[in-house]
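Enquirer: In this note's numbering, the protein residues as written are 1 to 261.
Ideal Cβ positions, reconstructed from N, Cα and C, are used throughout, including at glycine.
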Amino acid sequence: MWFNTIKKGNEVLDFVRFGDGEKPLVLIPGLSFQRVRPAAFLLAYQYRMFAKGYTVYVFDKKEVIPEGYTIREMAGDLAAAMERLGLRGAGVVGISQGGMIAQYLAIDHPQLTGRLVLGVTAARGNEVMEETVGGWIGMAERGDYGGIMADMLEKLYSPAYVRRYGWLLPLLSRAGRPREFGRFIALAKSCLGFDAYGELSRITCPALVIGGALDRVVTGRASEELAERLGCDLVLYPGLGHAAYEEAPDFNARVYRFLAD
1 MWFNTIKKGN EVLDFVRFGD GEKPLVLIPG LSFQRVRPAA FLLAYQYRMF
51 AKGYTVYVFD KKEVIPEGYT IREMAGDLAA AMERLGLRGA GVVGISQGGM
101 IAQYLAIDHP QLTGRLVLGV TAARGNEVME ETVGGWIGMA ERGDYGGIMA
151 DMLEKLYSPA YVRRYGWLLP LLSRAGRPRE FGRFIALAKS CLGFDAYGEL
201 SRITCPALVI GGALDRVVTG RASEELAERL GCDLVLYPGL GHAAYEEAPD
251 FNARVYRFLA D
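(1) Within the chosen definition, does the region 197-204 reach the region 216-232 through at least 3 CB pairs nearer than 8 Å?
(2) Any idea what DSSP makes of ILE203, helix, strand or coil?
(3) In the structure shown, what three-state DSSP assignment does ILE65 receive?
(4) Does the distance from the C-beta atom of VAL133 to that of ALA188 stay below 8 Å?
(5) Indicate the three-state DSSP secondary structure (helix, strand or coil) for PHE258 in the structure shown.
(6) Using a 10 Å radius around the Cβ and a threshold of 16 neighbouring Cβ atoms, would you call GLN111 buried or exposed?
(7) Quick check on the DSSP output: what are the complete beta strand (DSSP E) runs of length 3 or more inside the region 198-247, in order along the chain?
(8) Whole angstroms is fine: what's the gap from LEU105's alpha carbon to ARG124's?
(9) For GLY19, report the span of its beta strand (DSSP E) as first-last.
(10) According to DSSP, what are the bridge partners of ASP195?
(11) How about VAL58 and LEU27: do their beta carbons lie closer than 8 Å?
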């Protein structure tokens, strides 16, 4: 496990690296209060399947998020970090908001993306996303961390998962009130203004879209639309929602096979 920081002027971007494979793999997480550095060991465990074949890089968003920061700007900052590290032709896996960033990375910086996996994401906003993410923004503006956690549990996970692990929610809500509501709000707002649909034809690398049919954040239809527009394969889990990347036992294996083709 290796932690590092890339600095450009006054800007700071953290990333975690693990694995010892020859090929680079870039993982782009979604919208969360959780920062990459404190979650490093959990991420390394979750994606341990990739550690032998790849050197895996998990990038955070930059330290200071300016007002009006866009998904395209996030992709530009990530591209600058990848160029600094020499990560050209990498496998890129973007989850949720990370998938939005990955789309612009492949559109604007094709030399960096060798193969592209877009998980539980969308090519543009829709009414469900507006309602769900807009609701989280409203709760964050009120400082209602418990409310956000309860809504995320309900909206992200399958009913079976909620029945099994819902009892943990009070513990998570009491574990600590985040100090970064403003950061979360700024990042969440960037999702609502996202629209790469008209530029998807500029993505030329092989791509795979994976979604959950019961997705209550971006919708399963958004995954279908994205795959149709890209002309690529789609895996749509019928009984899962936005957290399909955590709940589906074969999610990582599907990604690994695609990247290895």
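Expert: Answer, in terms of the structure:
(1) yes
(2) Translated into positions along the sequence shown, residue 203 becomes position 203. Coil at ILE203, not helix or strand.
(3) On the sequence shown, residue 65 is found 65 positions in, with the first residue counted as 1. Note: ILE65 maps to coil in three-state DSSP.
(4) Within the sequence shown, the letter at position 133 stands for residue 133. Within the sequence shown, the letter at position 188 stands for residue 188. Cβ distance < 8 Å, so VAL133 and ALA188 count as in contact.
(5) Walking along the sequence shown from the start, residue 258 turns up at place 258. Reduced to three states, the DSSP call for PHE258 is helix.
(6) Indexing the sequence shown from 1 puts residue 111 at position 111. Label assigned to GLN111: exposed.
(7) 207-212, 233-237
(8) Your numbering for residue 105 matches position 105 in the sequence shown. Your numbering for residue 124 matches position 124 in the sequence shown. About 15 Å.
(9) By one-based count along the sequence shown, residue 19 stands at place 19. Careful: GLY19 lies outside any beta strand (DSSP E) and carries neither H nor E.
(10) The residue labelled residue 195 in the question sits at position 195 within the sequence shown. Answer is ARG124, bridged to ASP195.
(11) Locating residue 58 in the sequence shown gives position 58, where the first residue counts as 1. Locating residue 27 in the sequence shown gives position 27, where the first residue counts as 1. Going by C-beta atoms, VAL58 is nearer than 8 Å to LEU27.
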